[in-house]
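>
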Amino acid sequence: MDLPPLPPPHSIESAKLTLAPSHPLSSWEISSSNSSSSSPLSSPLSISHPSPNSISLTSNNNNNNNNNNNNNNSLSTFTFTDPLPRVPFSSFLPSLTPCGSSLPLSPVVWTSPYPGGWTLRGLRRSFPPGETFEVDGGPEFARRNLSRATVTLQAYEAYATNSASNSNSNSGCNSNSNSCGNSNSCVDSAPLYIFDSSLHSRESVGSMPGALPPLLSSGGLLVDVGGALVGSSFKPLPDRWLLVGCERSGTPIHDHPMTVGWNLLTEGVKLWAIFPKDATDEELFGGGEGSGGGSGSGSGSGSDEVGEGGEYKEEETFSNSNSNSNSAVGWFEEVAQDELAGRKRLSRAVVVVQKPGEVVFLPCGWYHCVLNCATTTAASMSLCTVVDFKRLWPELRGEDEEFAEFWMGKLRGEDRGVIDEGVELELRAVAAAAAAAATPTPTPTPTATANRTN
27 MDLPPLPPPH SIESAKLTLA PSHPLSSWEI SSSNSSSSSP LSSPLSISHP
77 SPNSISLTSN NNNNNNNNNN NNNSLSTFTF TDPLPRVPFS SFLPSLTPCG
127 SSLPLSPVVW TSPYPGGWTL RGLRRSFPPG ETFEVDGGPE FARRNLSRAT
177 VTLQAYEAYA TNSASNSNSN SGCNSNSNSC GNSNSCVDSA PLYIFDSSLH
227 SRESVGSMPG ALPPLLSSGG LLVDVGGALV GSSFKPLPDR WLLVGCERSG
277 TPIHDHPMTV GWNLLTEGVK LWAIFPKDAT DEELFGGGEG SGGGSGSGSG
327 SGSDEVGEGG EYKEEETFSN SNSNSNSAVG WFEEVAQDEL AGRKRLSRAV
377 VVVQKPGEVV FLPCGWYHCV LNCATTTAAS MSLCTVVDFK RLWPELRGED
427 EEFAEFWMGK LRGEDRGVID EGVELELRAV AAAAAAAATP TPTPTPTATA
477 NRTN
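Put into structure tokens, the structure is as follows:
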């Protein structure tokens with residue numbers, strides 16, 4: 027039997043086979059995932075934008091009404107509403123301190139000037155045709171693979187153009203349509219997502235259509251304590267990213283335990299659900315068996331979960347094998363169904379409907395899931411502030427002494443004006459006190475007491 031021809035290099039098909047070499051291309055499709063109990067989607071999810079501050083998701087109820095055959099073909103709609111006021115970043119900038127002490131302690135949305143040419147089409151026209159960009163995402167079996175896949179912007183633009191929002195059908199793309207195939211996002215249960223970290227180092231970046239604002243173009247506004255780890259095994263990921271996603275792509279639920287981050291959107295619409303640091307399993311996963319939440323337990327899900335900003339080695343994502351939450355689109359569909367059924371998953375969540383020119387800021391430790399509701403282009407950045415490092419280092423030393431001491435040593439050797447001898451001694455005293463408090467005190471025997479008094 028003749029083997030099928032290999033797809034062109036740096037095509038969508040090639041990227042899928044690189045990320046999941048043991049899975050056929052058909053396993054990425056919605057129709058294929060329907061046969062699995064852990065299917066991320068029961069049907070193509072329809073996304074609408076009824077008002078500037080709301081996003082409505084309409085889905086089929088098949089997976090949620092298995093015991094009621096009369097409702098198997100019903101549709102349900104839930105609307106996510108964003109209540110947050112917008113704050114001009116220019117009004118916050120004068121109070122910004124290099125150590126990060128003035129940063130907000132809860133999520134905020136700033137408005138900022140942005141380059142209008144930062145769209146998928148604008149970027150495609152700016153870079154040479156053969157230039158490639160790293161992609162991530164897809165179903166869970168692809169996200170768990172550590173392989174690195176790249177595509178051209180031309181290939182991704184064609185893939186994104188065939189999304190549900192560009193289909194002639196109001197309910198999304200018909201996976202049986204001749205216009206859909208393995209290079210079109212409308213048939214994928216969890217589409218691929220450009221997550222590229224090399225934008226600032228590309229030779230052709232000088233031809234970009236406009237410069238990013240200082241907030242994202244450099245780290246000069248804040249001291250990044252994590253900069254001391256660059257080039258080491260403890261920080262393999264850069265701090266700045268170009269994100270280009272088609273409709274229904276996104277990042278699953280995750281947190282950044284040691285970094286603050288911000289995401290500037292320049293095209294499209296993103297839907298964010300953001301939870302506080304003490305979020306419970308019920309809030310994050312609907313109470314199913316799995317890991318995550320306030321317990322701090324979790325399983326990393328591969329390189330896709332860099333999230334909507336870079337991160338250090340401790341960045342965690344959480345997987346629940348009995349839930350649809352293993353992809354962003356499946357997570358939001360599941361939350362919508364839970365909310366409609368009266369299971370309040372969003373009572374403490376911050377919902378953000380992000381539009382071009384808006385910057386979502388996240389303090390460290392806040393969980394978030396992000397869904398691209400149209401073709402989106404964004405730039406993100408993350409860093410560890412001096413304030414957060416001082417607060418977290420003693421705890422980090424208790425959990426991972428090798429990493430904590432390596433980081434302290436790098437800072438001690440850097441002329442950064444961040445860690446002096448007095449600060450280091452203070453942090454070590456806090457770490458020692460925490461370790462002593464966590465160690466049970468044995469009940470002394472009379473002999474031991476006598477020995478201590480000699």
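The working numbering puts the first residue of the sequence shown at 27, with every later residue one more than the last. Every residue, glycine too, gets a C-beta built ideally from N, C-alpha and C.
Which whole-angstrom value is the C-beta distance of Arg374 and Phe301, which I expect to be below 8 Å?
Locating residue 374 in the sequence shown gives position 348, counting from the first residue. Locating residue 301 in the sequence shown gives position 275, counting from the first residue. Yes, Arg374 and Phe301 are in contact; Cβ-Cβ is about 7 Å, under 8 Å.
> Answer yes or no: do Leu482 and Ala186 have a C-beta to C-beta separation smaller than 8 Å?
Since the first and last residues shown for the chain are 27 and 480, residue 482 lies out of range.
> With C-beta atoms as the reference, is Gly287 less than 8 Å away from Met407?
Numbered from its first residue, the sequence shown carries residue 287 at position 261. Numbered from its first residue, the sequence shown carries residue 407 at position 381. Yes. Within cutoff.
> Can you tell me whether Lys436 is helix, strand or coil according to DSSP?
Taking the sequence shown and counting its residues from 1, one reaches residue 436 at position 410. Three-state result, Lys436: helix.
> So, under 8 Å CB-CB, Val251 and Thr411 are touching, yes? Tell me the CB distance rounded to an integer number of Å.
Counting from one through the sequence shown, the residue named residue 251 turns up at place 225. Counting from one through the sequence shown, the residue named residue 411 turns up at place 385. Correct: roughly 7 Å between the Cβ atoms.
> Using a threshold of 8 Å, state whether the C-beta atoms of Val377 and Asp162 are closer than that.
As a working note, residue 377 is residue 351 in the sequence shown. As a working note, residue 162 is residue 136 in the sequence shown. No, they are not a contact pair.
> Among Tyr182, Thr123, Pro264, Ile81, which residue has its Cα nearest to the Cα of Ser40?
In the sequence shown, the residue the question calls residue 40 occupies position 14. Nearest C-alpha to Ser40: Tyr182.
> Give me, in chain order, the residues of the same chain whose beta-carbon lies closer than 6 Å to that of Ser74; leave out the 5 immediate sequence neighbours on both sides.
Stepping through the sequence shown from its first residue, residue 74 is reached at position 48. If we look at Ser74 and ignore the five residues flanking it on each side, its Cβ neighbours are Ser82.
> Closer than 8 Å by C-beta to Pro78: which residues in its own chain qualify, once you throw out the five before and the five after it? Chain order, please.
By 1-based counting over the sequence shown, the position of residue 78 is 52. These residues qualify, in order along the chain: Val379, Lys381.
> In whole angstroms, what separates the C-alpha of Thr292 from that of Gly142?
Residue 292 sits at position 266 when you count from the first residue of the sequence shown. Residue 142 sits at position 116 when you count from the first residue of the sequence shown. The alpha-carbon atoms of Thr292 and Gly142 are separated by roughly 7 Å.
> Given a cut-off of 8 Å, decide if Cys395 and Ala354 are closer than it, judged by their beta-carbon atoms.
Taking the first residue of the sequence shown as position 1, residue 354 is located at position 328. Taking the first residue of the sequence shown as position 1, residue 395 is located at position 369. Yes; because the gap between Cβ atoms is below 8 Å, this pair is in contact.
> Assess, as a yes-or-no matter, whether the segment 29 to 38 is touched by the segment 166 to 174 under the definition of 3 or more beta carbon pairs within less than 8 Å.
No contact exists between the segment 166 to 174 and the segment 29 to 38.
> Helix, strand or coil for Thr44? Go by DSSP, reduced to three states.
Indexing the sequence shown from 1 puts residue 44 at position 18. Here Thr44 sits in helix by DSSP.
> Short check: CB of Leu372 to CB of Ala299, under 8 Å?
For the purposes of this step, residue 372 is taken as residue 346 along the sequence shown, with counting starting at 1. For the purposes of this step, residue 299 is taken as residue 273 along the sequence shown, with counting starting at 1. A contact, by the Cβ cut-off of 8 Å.
> Please tell me whether Glu273 has its Cβ less than 8 Å away from any Cβ of chain B.
Judged by its chain identifiers, the structure shown contains no chain B, having just a single protein chain.
> Kindly indicate which three-state DSSP category His36 falls into: helix, strand or coil?
Within the sequence shown, numbered from 1, the residue matching residue 36 stands at position 10. If DSSP states are grouped into helix, strand and coil, His36 belongs with coil.
> Is the distance from the Cβ of Phe106 to the Cβ of Glu160 below 8 Å?
Stepping through the sequence shown from its first residue, residue 106 is reached at position 80. Stepping through the sequence shown from its first residue, residue 160 is reached at position 134. Against a cut-off of 8 Å, the Cβ pair of Glu160 and Phe106 comes out as no contact.
> Rounded to the nearest angstrom, what separates Leu388 and Glu360 at their Cα positions?
As a position in the sequence shown, residue 388 is number 362, starting the count at 1. As a position in the sequence shown, residue 360 is number 334, starting the count at 1. Approximately 23 Å between the Cα atoms of the pair.
> Just mark Ser116 as buried or exposed, buried being the case when its beta carbon has 16 or more other beta carbons within 10 Å.
On the sequence shown, residue 116 is found 90 positions in, with the first residue counted as 1. Result: exposed.
> Give the DSSP-derived three-state secondary structure of Asp108 in the structure shown.
Here residue 108 refers to the residue found at position 82 when the sequence shown is read from its first residue. In this structure, Asp108 counts as coil in the three-state DSSP scheme.
> Tell me the DSSP secondary structure of Cys5 in three-state form.
Since the first residue of the chain shown is 27 and the last is 480, residue 5 is not available in this structure.
> Using beta-carbon positions only, say whether Leu409 and Leu290 come within less than 8 Å of one another.
Here residue 409 refers to the residue found at position 383 of the sequence shown. Here residue 290 refers to the residue found at position 264 of the sequence shown. Contact flag unset, no.
> From Pro277 to Gly424, what does the alpha carbon distance come to, in whole angstroms?
Counting from one through the sequence shown, the residue named residue 277 turns up at place 251. Counting from one through the sequence shown, the residue named residue 424 turns up at place 398. Note that residue 277 corresponds to Thr in the displayed sequence, not to Pro. Looking at the two C-alpha atoms, the distance is approximately 30 Å.
> Would you tell me roughly how many angstroms separate the C-alpha atoms of Leu268 and Ala455, rounded to the nearest one?
What you label residue 268 is simply residue 242 of the sequence shown in a count that begins at 1. What you label residue 455 is simply residue 429 of the sequence shown in a count that begins at 1. C-alpha separation (whole angstroms): 40 Å.
> Going by DSSP in three states, Asp414 sits in which element: helix, strand or coil?
What you label residue 414 is simply residue 388 of the sequence shown in a count that begins at 1. Helix, per DSSP.
> Out of curiosity, what's the CA-to-CA distance linking Pro155 and Thr178?
The count along the sequence shown starts at 1 and reaches residue 155 at position 129. The count along the sequence shown starts at 1 and reaches residue 178 at position 152. One C-alpha to the other measures close to 7 Å.
> Please classify Gly271 as buried or exposed, where buried requires at least 16 other C-beta atoms within 10 Å of its C-beta.
Reading the sequence shown from its first residue, position 245 is the one you call residue 271. Flag for Gly271 reads buried.
> Sort Asp426, Glu427, Leu451 by Cα distance to Arg438 and report the nearest one.
Mapped onto the sequence shown, residue 438 falls at position 412. When each option's Cα is compared against that of Arg438, the closest is Leu451.
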